[in-house]
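A.B. asks: For the sequence shown, our numbering gives the first residue as -8, with consecutive numbering after it.
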Amino acid sequence: MLIRPRRLRKNQKIRNLVRETTLTTNDLIMPIFVDENLKENEKKEIKSMPNQYRFSVEGAINEAKEITDLGIPAVILFGIPKHKDETASSAYDKNGVVQRTIRGIKDELGDELLVIADCCLCEYTSHGHCGIVKDGKILNDATLPILAKIALSYAEAGVDIVAPSDMMDGRVKAIREVLEKNGYDDVAIMSYSAKYASSFYGPFREAAESAPKFGDRRSYQMDIGNAREAMREIALDIEEGADLILVKPALPYLDIIRMAKDRFDIPIGGYCVSGEYAMIEAAAKNNWLNRDSAIFEVLMCIKRAGADFIITYWAKEIAKKLKQ
Ligand code: PBG
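1) Taking His120 as the reference, which of Tyr211, Ile67, Arg45 has the closest Cα?
2) CB-CB under 7 angstroms to Ala218, same chain, minus the five flanking residues each way: which ones, in chain order?
3) Give the DSSP-derived three-state secondary structure of Glu200 in the structure shown.
4) I'd like the span of the beta strand (DSSP E) that includes Gln43, first residue to last.
5) Relative to the C-alpha of Glu49, which candidate in Phe24, Asp160, Ile180, Val289 has its C-alpha closest?
6) Give the DSSP-derived three-state secondary structure of Asp126 in the structure shown.
7) Output the distance between the C-alpha atoms of Ile52 and Glu31, rounded to the nearest integer angstrom.
8) Less than 8 angstroms separating the beta-carbons of Ile141 and Ala133?
9) Spatial neighbours of Leu105 within its chain, please: C-beta separation below 7 angstroms, excluding the five flanking residues on both sides.
10) Is any non-hydrogen atom of the ligand PBG found closer than 7 angstroms to the C-beta of Cys121, if you look at the structure I gave you?
11) Is Phe195 close to the ligand PBG? I mean its beta-carbon at under 7 angstroms from any heavy atom of the ligand.
12) Could you check how far apart the C-beta atoms of Ile259 and Val289 are, in whole angstroms? I think they sit under 8 angstroms.
13) With a floor of 3 residues, list each beta strand (DSSP E) that falls wholly inside the stretch 263 to 309, ordered by position along the chain.
14) Starting from Ile93, trace the alpha helix (DSSP H) both ways and give me its first and last residue.
15) To the nearest angstrom, report how far apart Phe191 and Gly266 are at their CA atoms.
16) Which partner residues does Leu155 have in the DSSP bridge list?
17) Assuming Met222 is part of the alpha helix (DSSP H), what are its boundary residues?
18) Since I believe Met291 is in contact with Arg254 (beta carbons under 8 angstroms), could you give me their beta-carbon distance rounded to a whole number of angstroms?
19) Rounded to whole angstroms, what's the CA-CA distance from Arg94 to Val163? Just pull it up for me.
20) Identify the continuous alpha helix (DSSP H) that holds Val163 and give its terminal residues.
21) Reducing DSSP to helix, strand and coil, say where Met181 ends up.
22) Between the Cα of Ala198 and those of Ala273, Ala269, Phe287, Ile96, spot the shortest distance and give me the residue it belongs to.
23) Round the Cβ separation of Ile107 and Met181 to the nearest angstrom and send it over; I've been treating them as touching at under 8 angstroms.
24) Using C-beta distances below 7 angstroms, list every residue in its chain close to Glu54, excluding the 5 sequence neighbours before and after it, in chain order.
25) Taking only the alpha-carbon atoms, compute the straight-line gap between Tyr83 and Lys204 and give it to the nearest angstrom.
26) Could you check which residue in Ala146, Val169, Leu227, Asn173 has the C-alpha nearest to that of Tyr183?
27) Under the three-state reduction of DSSP, which class applies to Met(-8): helix, strand or coil?
28) Given a threshold of 16 other Cβ atoms within 10 Å of its Cβ, counted over all protein chains shown, does Ile5 qualify as buried or as exposed?
29) Output the distance between the C-alpha atoms of Glu200 and Leu8, rounded to the nearest integer angstrom.
30) Based on the DSSP output, what are the partners of Leu105 in its beta bridges?
31) When you compare only the Cα positions, how much space is there between Leu135 and Ala79?
32) Going by alpha carbons, who is nearest to Val178 out of Asn277, Ala146, Asp126?
33) Measure the C-alpha to C-alpha separation of Arg209 and Arg91 and round it to an integer number of angstroms.
34) Taking C-beta to C-beta, are Ile326 and Ile286 nearer than 8 angstroms?
35) Heavy atom of the ligand PBG less than 7 angstroms from the Cβ of Phe191, yes or no?
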């Protein structure tokens, strides 16, 4: 035999030499849940996501410091407010839980850490939907000014990147316009362009208390069977002024990441969501698979599929391992 691919697999050194994909701390974004109902030193474990917590504003700021010390470049913030109503008014409150956290982190860390804030209504509405509801319908255009207000209030607090995750049509344009008009032309938009109506968000909805009180999200999030539609969504968001785009979830949608990578010259992130986390943690707890190598494999494969960066609840842990 002349050709033997196994020669390049003989030992770790040669495998390292020819590995096509790398995973580094620079690729990672760590989510932080900030809960306005918690006292300063309180933190609350999320049952369906072992080792993940909701923090108070002060706790979130400390968490951000730890994340910075590990060399992770960015965090993404999710808020759980005290007050919910029909129009998500606490989402754009100057002194809202996310706005205060952004200010606190920026005061402490400045440019040492990129602060991304998820921009959506569902954590702040009494009905749990990502838009304004009328007669059981989720209204698109009535939601846009609210998303714009949320984005502007984040920008005023000092956010680096806003990340709309609501899936309303035209939201990137609405946000881009309000940012430009108010002098925040350097605030980037990371759009959840291809966000599927997935069952893998289950644990997140426990973490963020954001489950819809009636119906589901299938009239705005994408149908799980569609790939070309995702390309259309991404193209629209780029046209509307998105700077980075996300595919979400990541693991069941690696084909979408790859397709997007081949077609668009824009940074693409994969969001390895709560259900992907919970799935591996639960299997590992039963000793059904090797936890550490499964986590590395999942993240490595999201990169291999074409992701430039990954939002993952394992970011801190991986960063610690990569430091060793
Ligand atoms: C808010 C939002 C969700 C997630 C991120 N932003 C939940 C949803 O759409 O129901 C999910 C993240 C995860 O599951 O880790 N719209």
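Cβ atoms here follow ideal geometry from the backbone N, Cα and C, with glycine treated the same way.
C.D. replies: Taking the coordinates as given:
1) Counted from its first residue, the sequence shown places residue 120 at position 129. With distances taken between Cα atoms, His120 lies closest to Tyr211.
2) Looking up residue 218 in the sequence shown gives position 227. Correct list, in chain order: Asp246, Ile247, Met250.
3) Translated into positions along the sequence shown, residue 200 becomes position 209. Three-state DSSP puts Glu200 in coil, outside helix and strand.
4) In the sequence shown, residue 43 corresponds to position 52, counting from 1. Start and end: 40 to 46.
5) The sequence position of residue 49 within the sequence shown is 58, counting from 1. The shortest Cα separation from Glu49 among Phe24, Asp160, Ile180, Val289 belongs to Phe24.
6) Looking up residue 126 in the sequence shown gives position 135. If DSSP states are grouped into helix, strand and coil, Asp126 belongs with coil.
7) By one-based count along the sequence shown, residue 52 stands at place 61. By one-based count along the sequence shown, residue 31 stands at place 40. Spanning the two alpha carbons is a distance of roughly 11 angstroms.
8) Residue mapping note: residue 141 aligns to position 150 of the sequence shown, counting from 1. Residue mapping note: residue 133 aligns to position 142 of the sequence shown, counting from 1. No, the pair does not count as a contact, with Cβ atoms beyond the cut-off.
9) On the sequence shown, position 114 is the one that residue 105 refers to. When the five nearest sequence neighbours on each side are left out, the beta carbons in the same chain lying within less than 7 angstroms of the beta carbon of Leu105 are those of Pro64, Ala65, Asp151, Ile152, in order along the chain.
10) Indexing the sequence shown from 1 puts residue 121 at position 130. True, at least one ligand heavy atom lies under 7 angstroms from that Cβ.
11) Looking up residue 195 in the sequence shown gives position 204. Inclusion of Phe195 in the 7 angstroms shell around the ligand PBG follows from its C-beta lying nearer than that to a non-hydrogen atom of the ligand.
12) As a working mapping, residue 259 is identified with position 268 in the sequence shown. As a working mapping, residue 289 is identified with position 298 in the sequence shown. Beta-carbon to beta-carbon, Ile259 and Val289 are separated by about 17 angstroms, too far to satisfy the 8 angstroms threshold.
13) If we require 3 residues or more, the beta strand (DSSP E) runs fully inside the stretch 263 to 309 come out as 300 to 303.
14) Taking the first residue of the sequence shown as position 1, residue 93 is located at position 102. Under the DSSP assignment, Ile93 falls in the alpha helix (DSSP H) whose first and last residues are 88 to 100.
15) Working through the sequence shown from its first residue, we reach residue 191 at position 200. Working through the sequence shown from its first residue, we reach residue 266 at position 275. Counting only the Cα atoms, Gly266 lies some 4 angstroms from Phe191.
16) On the sequence shown, residue 155 is found 164 positions in, with the first residue counted as 1. With the sequence shown as reference, residue 155 is identified as Pro, and Leu is not the correct amino acid for it. Its beta-bridge partners are Cys110.
17) Counting from 1 along the sequence shown, the entry for residue 222 is found at position 231. 219 to 231 is the extent of the alpha helix (DSSP H) around Met222.
18) Position 263 of the sequence shown, counting from 1, holds the residue named residue 254. Position 300 of the sequence shown, counting from 1, holds the residue named residue 291. The Cβ separation is near 23 angstroms, so there is no contact.
19) If you number the sequence shown from 1, residue 94 lands on position 103. If you number the sequence shown from 1, residue 163 lands on position 172. If I take the Cα positions, the gap works out to 23 angstroms.
20) One-based indexing of the sequence shown puts residue 163 at position 172. Start and end: 162 to 172.
21) The count along the sequence shown starts at 1 and reaches residue 181 at position 190. In this structure, Met181 counts as strand in the three-state DSSP scheme.
22) On the sequence shown, residue 198 is found 207 positions in, with the first residue counted as 1. Of Ala273, Ala269, Phe287, Ile96, the residue nearest in Cα terms is Ala269.
23) On the sequence shown, residue 107 is found 116 positions in, with the first residue counted as 1. On the sequence shown, residue 181 is found 190 positions in, with the first residue counted as 1. With a Cβ gap of about 6 angstroms, Ile107 and Met181 count as contacting.
24) Position 63 of the sequence shown, counted from the first residue, corresponds to residue 54. Correct list, in chain order: Ile23, Phe46.
25) Locating residue 83 in the sequence shown gives position 92, where the first residue counts as 1. Locating residue 204 in the sequence shown gives position 213, where the first residue counts as 1. Tyr83 and Lys204: Cα-Cα distance of roughly 22 angstroms.
26) Taking the first residue of the sequence shown as 1, we reach residue 183 at position 192. Shortest Cα-Cα distance from Tyr183 to any of Ala146, Val169, Leu227, Asn173 involves Leu227.
27) Counted from its first residue, the sequence shown places residue -8 at position 1. Coil.
28) Reading the sequence shown from its first residue, position 14 is the one you call residue 5. Label assigned to Ile5: exposed.
29) Here residue 200 corresponds to residue number 209 of the sequence shown, with the count starting at 1. Here residue 8 corresponds to residue number 17 of the sequence shown, with the count starting at 1. Going from the Cα of Glu200 to the Cα of Leu8 covers about 46 angstroms.
30) Counting from 1 along the sequence shown, the entry for residue 105 is found at position 114. Checking the DSSP bridge columns, you'll see Leu105 partnered with Ala65.
31) Counted from its first residue, the sequence shown places residue 135 at position 144. Counted from its first residue, the sequence shown places residue 79 at position 88. Distance between the alpha carbons of Leu135 and Ala79: 12 angstroms.
32) Translated into positions along the sequence shown, residue 178 becomes position 187. That would be Ala146, whose Cα lies nearest to the Cα of Val178.
33) Position 218 of the sequence shown holds residue 209. Position 100 of the sequence shown holds residue 91. Inter-residue distance for Arg209 and Arg91 is about 32 angstroms (C-alpha atoms, whole angstroms).
34) No answer is possible for residue 326: the residues shown for the chain start at -8 and end at 315.
35) Locating residue 191 in the sequence shown gives position 200, counting from the first residue. It does: the Cβ of Phe191 is within 7 angstroms (strictly closer) of some heavy atom of the ligand PBG.
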